[in-house]
Amino acid sequence: MQAKFLMTKNVKKFVTLVNNLINRAEGVPGMALVYGEPGLGKSKVALWWSANNDGILITAKKTMSPHWLLEEIVKEVGETPLYKSSDLFDQVVKALIKYPRVIIVDEVDYLISDKDTVEILRDIHDRTHNPIVLIGMNFADKKLKRNTHLYDRFSEILHFETFTANDIDMFLKELSEVKFTPKAIDYIHQTGNRFRQIVKLINKAEEMAATNDLKEITLEMVMKITRKDLL
Ligand SMILES: Nc1ncnc2c1ncn2[C@@H]1O[C@H](COP(=O)(O)OP(=O)(O)O)[C@@H](O)[C@H]1O
Ligand SMILES: [Mg+2]
29 MQAKFLMTKN VKKFVTLVNN LINRAEGVPG MALVYGEPGL GKSKVALWWS
79 ANNDGILITA KKTMSPHWLL EEIVKEVGET PLYKSSDLFD QVVKALIKYP
129 RVIIVDEVDY LISDKDTVEI LRDIHDRTHN PIVLIGMNFA DKKLKRNTHL
179 YDRFSEILHF ETFTANDIDM FLKELSEVKF TPKAIDYIHQ TGNRFRQIVK
229 LINKAEEMAA TNDLKEITLE MVMKITRKDL L
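So the sequence shown is numbered by my numbering: it starts at 29 and just counts up by one.
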């Protein structure tokens, strides 16, 4: 199997969203929420985008306090964290005003239960106007709606959708060493639409093709593999 970053429909929408935040009109708030089920590539796109665009990627942790979050951001902007929270906040603000960057916070669900922590992000945004993208799970949207001060700052909200037939076709063509018949691809789209499942399936299919010297994987073979290993 090949290891590649793929431009899925969700990835393209993510890129558009961040560009919209960067290019937004004066006075328009610049925060966004991206959410959806696990396994659809939210963390992967966050990593890919921030690595290629000098963004700041923070992965929230369980029990993360405002102080801890600020410390992580200070480290990411390349400074040594000071001791007091108020100093950390100033460090972040100064660094982001001097050198604006997009901040992406993944696993934001961990911050939602503690209002103070998530509001630090809002304060950073209000002071620096740097775009901030929050990434969460399926219910992040509903949960964050209760915090109207924060929710009002979302000028973009993107729900990651399960993969399209085109996405699946691209995964199999780009990642797999063995070909799949169109019927097999259709079936995979209808049954398994998480990335991890598809990766497992490709691995099994490649194994099957190598042991049996097969040129293509048919619908019947996929059904056999998924019955045994995936469902
Ligand atoms: N666009 C992509 N190109 C290549 N691999 C991807 C892509 N999106 C996701 N993956 C792979 O799928 C798996 C799940 O993605 P992840 O980003 O962890 O999902 P999520 O954060 O939505 O739960 C990871 O192993 C990741 O490497
Ligand atoms: Mg994730």
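We put the CB at the ideal spot given by N, CA and C, even for glycine.
**OP:** Have a look at Ala31, Thr36 and Lys228 and flag the residue whose alpha-carbon is nearest the alpha-carbon of Phe188.
**Re:** Comparing Cα-Cα distances from Phe188 to each of Ala31, Thr36 and Lys228, the minimum goes to Thr36.
**OP:** Locate the beta strand (DSSP E) running through Tyr63, then write down its first and last residues.
**Re:** Residue range Met59 to Tyr63 is occupied by the beta strand (DSSP E) that includes Tyr63.
Original post:
Is Asp169 near ligand 2, going by C-beta to nearest heavy atom under 8 Å?
Top reply: Result no, Cβ not under 8 Å from ligand 2.
Original post:
Between the C-alpha atoms of Ile152 and Lys170, what's the straight-line distance to the nearest angstrom?
Top reply: Near 23 Å, if we compare the C-alpha coordinates of Lys170 and Ile152.
**OP:** Using 8 Å as the cut-off, classify the Cβ of Lys70 as near or not near the heavy atoms of ligand 2, replying yes or no.
**Re:** True, at least one ligand heavy atom lies under 8 Å from that Cβ.
Original post:
Between Lys143 and the rest of its own chain, which residues show a CB-CB distance below 7 Å, the 5 nearest in sequence each way excluded?
Top reply: Excluding residues within five positions, the ones whose Cβ falls inside 7 Å are Asn175.
Subject >> Distance CB(Thr254)-CB(Thr209) smaller than 9 Å >> reply: No, the pair does not count as a contact, with Cβ atoms beyond the cut-off.
**OP:** Return the chain-ordered list of same chain residues with a C-beta closer than 8 Å to the C-beta of Ile86, the five sequence neighbours on each side being excluded.
**Re:** Around Ile86: Leu97, Glu100, Ile101, Glu104, Ile131, Ile132, Val133 and Asp134.
**OP:** Scan the stretch 159 to 219 and note each continuous beta strand (DSSP E) run of 3 residues or more that stays entirely inside, going in chain order.
**Re:** If you keep only unbroken beta strand (DSSP E) runs of at least 3 residues inside the stretch 159 to 219, you get 160 to 164 and 182 to 187.
**OP:** With distances taken Cα to Cα, identify the nearest neighbour of Lys41 among Ala53, Glu54 and Ala60.
**Re:** Among Ala53, Glu54 and Ala60, the Cα nearest to that of Lys41 belongs to Ala60.
Original post:
For the candidate residues Phe167, Asp180 and Tyr215, whose alpha-carbon lies nearest to that of Pro57?
Top reply: It is Asp180.
Original post:
Among Lys72, Val62 and Asn48, which has the Cα closest to the Cα of Phe223?
Top reply: With distances taken between CA atoms, Phe223 lies nearest to Lys72 out of Lys72, Val62 and Asn48.
Original post:
Does the beta-carbon of Lys90 have 16 or more other beta-carbons within 10 angstroms, so that it is buried, or is it exposed?
Top reply: Counting Cβ neighbours within 10 Å, Lys90 comes out exposed, since fewer than 16 surround it.
**OP:** Quick one: residues in its chain with C-beta nearer than 7 Å to the C-beta of Leu258, no 5 flanking neighbours on either side, listed in chain order?
**Re:** Residue placement at Leu258 is flagged as unreliable, the pLDDT there being 49, under the threshold of 50; a coordinate-derived value is accordingly withheld.
Subject >> Reduced DSSP secondary structure (H/G/I, E/B, other) of Leu110 >> reply: Note: Leu110 maps to coil in three-state DSSP.
Subject >> Short CB-CB distance (under 9 Å) between Met35 and chain D >> reply: The chain inventory of the structure shown lacks chain D, comprising one protein chain alone.
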